[in-house]
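Chemist: One structure, as structure tokens, below. Some questions next.
2 protein chains.
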Amino acid sequence: MCGALTPEELTRLAAHTRKSHVDAGNELAGEATPVDSYANVMKGVVKLTKGLDDGRQQVVGLQFAPDLLGRLFAREHPTSAEAATDVELCVVPRPALEQLIATTPAMEHRLMQQALRELDDARDWMVTLGRKTATEKIATFLVLIADHSQPGHASGAARSFELPLSRSDIADFLGLTIETVSRQITRLRGLGVIHLSGTRQVDVPDMDRLRAMAG
Amino acid sequence: MCGALTPEELTRLAAHTRKSHVDAGNELAGEATPVDSYANVMKGVVKLTKGLDDGRQQVVGLQFAPDLLGRLFAREHPTSAEAATDVELCVVPRPALEQLIATTPAMEHRLMQQALRELDDARDWMVTLGRKTATEKIATFLVLIADHSQPGHASGAARSFELPLSRSDIADFLGLTIETVSRQITRLRGLGVIHLSGTRQVDVPDMDRLRAMAG
DNA sequence: CGTTTATTTGACGCGGTTCAATCAGTGTGG
DNA sequence: CCACACTGATTGAACCGCGTCAAATAAACG
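Going down the list, the protein sequences come from chains A and B.
The opening position of the first sequence corresponds to residue 1 in this note's numbering, with each subsequent residue numbered one higher.
The opening position of the second sequence corresponds to residue 1 in this note's numbering, with each subsequent residue numbered one higher.
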């Protein structure tokens with residue numbers, strides 16, 4: 001339980017951790033709020049968002065299992081964190097984790113790796129936000145979700161998954177409006193690149209074809 | 001020399017480091033190129049870029065002194081790195097730095113801090129790319145450069161600095177075209193928010209006024 | 001079912017791109 | 001020292017992708 005750690009690290013943490021369930025839509029941490037605990041995502045998707053004064057919002061990252069939640073070594077959260085789907089967390093009080101890190105270089109190394117991966121992801125997404133068209137943005141997003149739904153799939157194979165985000169969240173992730181998101185999804189459906197069952201269930205008959213549309 | 005490290009760390013590195021000067025416009029590392037050395041930026045500005053197949057480009061980060069250049073713990077560079085201005089580097093062979101990191105937890109901790117700061121910056125920039133208007137993007141960029149030119153200045157004070165990027169680079173950083181960048185800079189000049197001497201020298205009579213335009 | 005909320009669809013306008021021309025700055029050779 | 005070319009920046013005009021506003025469906029929920 002509370003996966004993604006080595007057995008030894010686990011033992012040292014176990015005494016301090018606490019499982020927690022959060023329903024979709026609930027906020028886990030507010031922007032510019034004190035960091036008093038960290039959490040491992042066990043199940044579900046958490047969205048990290050930043051807001052502008054006038055209400056504009058941008059989703060700046062999605063956290064899947066087994067990502068660690070919470071900005072290390074900072075007084076305040078730089079983003080807010082909200083459960084995009086129902087979420088299972090493994091919560092650790094701040095002092096417990098920071099002490100473990102301070103005394104276990106391997107632990108810090110592991111977290112460093114995650115931070116660097118998130119940095120790579122963030123920069124990839126900057127390309128999507130800055131340089132891709134609406135259709136490419138949607139395709140890029142669908143590929144991202146598909147790749148996280150059942151890792152280790154064949155390249156061109158078909159794929160089926162459920163969207164963890166509402167149209168509104170997708171819009172805030174891609175820097176678009178809800179209407180444009182809806183229109184582009186409809187467009188991809190019209191081209192036969194994807195099939196929809198209901199509003200969130202997506203079938204991709206040919207992932208390579210989708211990838212080709214992602215720029 | 002080769003600043004930003006503690007004396008002890010410095011001593012261990014000194015034997016392996018080599019100073020290097022790179023003229024503006026030269027590439028330091030290609031995208032998807034093997035990482036065989038790291039470098040500390042001593043002076044000047046390095047831009048990190050990612051490209052799409054069809055030539056579209058996005059600047060995904062700027063590195064100022066004393067940032068470390070090079071993706072740790074990865075085989076390949078996720079971005080290309082190019083000298084935006086003339087640059088002074090302090091180059092370290094890959095094995096030397098990685099061994100120092102492996103044996104000096106404090107060193108990894110310091111680099112972790114940089115990685116986390118860069119992640120914060122990247123996410124801030126995602127808001128700029130996804131949700132701000134052209135004018136706000138330009139204002140945000142000018143504030144960023146101003147803040148890096150002479151750190152620790154009074155809030156509303158005037159400020160004068162030289163742009164380290166060409167209009168084309170600015171466009172690729174902000175997800176705009178050169179023409180829009182030019183027009184918005186002209187607009188800010190017309191509003192009296194900035195004054196230009198030549199094409200790169202910028203005077204900001206009131207930083208708070210500029211900040212107010214950054215969204 | 002009726003009500004509420006999420007999504008889709010339609011019509012229209014605008015911000016930013018595109019394409020094209022002009023202007024400014026910087027070397028370069030006659 | 002001045003034409004000339006060359007590169008980078010500005011300016012102009014026309015276009016279009018996406019946003020905005022409004023309405024119609026569809027889905028979720030009591």
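Glycine is no exception: its CB is placed at the ideal position from the N, C-alpha and C atoms.
Please work out which residues of its chain come closer than 8 Å, Cβ to Cβ, to Ala158/B, disregarding the five sequence neighbours upstream and downstream, and give them in chain order.
Modeler: Asp203, Val204, Pro205, Asp206 and Met207
Chemist: State the Cα-Cα distance for the pair Gln201/A and Gly55/A, rounded to the nearest angstrom.
Modeler: Gln201/A and Gly55/A have their C-alpha atoms spaced approximately 29 Å apart.
Chemist: Which residues does DSSP pair with Thr199/B in a beta bridge?
Modeler: Beta-bridge analysis with DSSP links Thr199/B to no other residue.
Chemist: Once DSSP output is grouped into helix, strand and coil, what is the label at Ala106/A?
Modeler: helix
Chemist: Where does Gly156/B sit, in a helix, a strand or coil, going by DSSP?
Modeler: coil
Chemist: Going by C-alpha to C-alpha distance, which of Ala15/A, Ile178/A, Leu48/A and Lys19/A sits closest to Ala30/A?
Modeler: The amino acid at residue 30/A is misidentified as Ala; the sequence shows Gly. Closest by alpha carbon: Leu48/A.
Chemist: Ends of the beta strand (DSSP E) at Glu88/B?
Modeler: Val87 to Pro93
Chemist: Using the Cβ count rule (16 or more neighbours within 10 Å means buried), how would you classify Gly3/A?
Modeler: Low local confidence applies: a pLDDT of 49 at Gly3/A is under 50, so the model's placement there is unreliable, with the coordinate-based value given in what follows. The residue is exposed, with fewer than 16 neighbouring Cβ atoms inside 10 Å.
Chemist: Check whether the region 134 to 145 of chain A and the region 12 to 30 of chain A are in contact - that is, three or more C-beta pairs closer than 8 Å.
Modeler: no
Chemist: Relative to the C-alpha of Ala214/A, which residue among Thr177/A, Ser182/A, Ala24/A and Lys132/A is closest?
Modeler: Lys132/A
Chemist: Taking just the CA atoms, how far does Lys50/B sit from Asp124/A?
Modeler: Cα to Cα, the separation comes out at about 8 Å.
Chemist: Would Asn40/B be called buried (16 or more neighbouring beta carbons within 10 Å of its own) or exposed?
Modeler: buried
Chemist: On the DSSP bridge list, what partners appear for Leu40/A?
Modeler: It should be pointed out that residue 40/A corresponds to Asn in this sequence rather than to Leu. The partner list for Asn40/A (beta bridge, DSSP) reads Leu68/A and Cys90/A.
Chemist: For Arg75/A, is the classification buried or exposed, using 16 other Cβ atoms within 10 angstroms of its Cβ as the cut-off for buried?
Modeler: By the neighbour-count rule (16 or more Cβ atoms within 10 Å), Arg75/A is not buried but exposed.
Chemist: Do the region 185 to 200 of chain A and the region 101 to 111 of chain A make contact, defined as three or more Cβ pairs closer than 8 Å?
Modeler: no
Chemist: Using the Cα positions of His148/B and Gln58/A, report the straight-line distance between them to the nearest angstrom.
Modeler: 25 Å
Chemist: Please report the residue range of the alpha helix (DSSP H) in which Lys132/A lies.
Modeler: Element bounds for Lys132/A: n/a, residue is neither H nor E.
Chemist: Tell me whether Arg18/B sits in a helix, a strand or coil according to DSSP, three-state version.
Modeler: strand
Chemist: Just confirm the distance between the C-beta atoms of Cys90/B and Thr199/B, as a whole number of angstroms; I'd bet it's less than 8 Å.
Modeler: The pair is not a contact, with the Cβ atoms about 31 Å apart (cut-off 8 Å).
Chemist: Any idea what DSSP makes of Gly215/B, helix, strand or coil?
Modeler: coil
Chemist: So with Cβ pairs under 8 Å, would you call Glu98/B a contact of chain A?
Modeler: Glu98/B does not count as touching chain A.
Chemist: In whole angstroms, what separates the C-alpha of Thr11/B from that of Leu210/A?
Modeler: 52 Å
Chemist: Considering just the uninterrupted stretch of the alpha helix (DSSP H) at Val181/B, what are its terminal residues?
Modeler: Ile178 to Gly190
Chemist: Using only the alpha-carbon positions, how far apart do Pro34/B and Ala84/B sit?
Modeler: Ala84/B has its alpha-carbon roughly 21 Å from the corresponding atom of Pro34/B.
Chemist: Does the beta-carbon of Lys137/A have 16 or more other beta-carbons within 10 angstroms, so that it is buried, or is it exposed?
Modeler: buried
Chemist: If contact means a Cβ-Cβ distance below 9 Å, which residues of the region 68 to 100 of chain B contact chain A?
Modeler: Arg71, Leu72, Phe73, Ala74, Pro78 and Thr79
Chemist: What residues of chain B sit near Gly61/A, judged by a beta carbon separation below 8 Å?
Modeler: Arg123
Chemist: Taking C-beta pairs closer than 8 Å, name the residues in chain B that Ala115/A reaches, listed in chain order.
Modeler: Met112, Ala115, Leu116 and Leu119
Chemist: Would Arg131/A pass as an interface residue toward chain B - the criterion being a Cβ-Cβ separation below 8 Å?
Modeler: yes
Chemist: Any idea if Met1/B is buried or exposed, counting beta-carbon neighbours within 10 angstroms, 16 or more meaning buried?
Modeler: Note that Met1/B scores a pLDDT of 43, beneath 50, so its modelled location is shaky; the value from the coordinates is reported in the next line. Exposed, because fewer than 16 other Cβ atoms sit within 10 Å of the Cβ of Met1/B.
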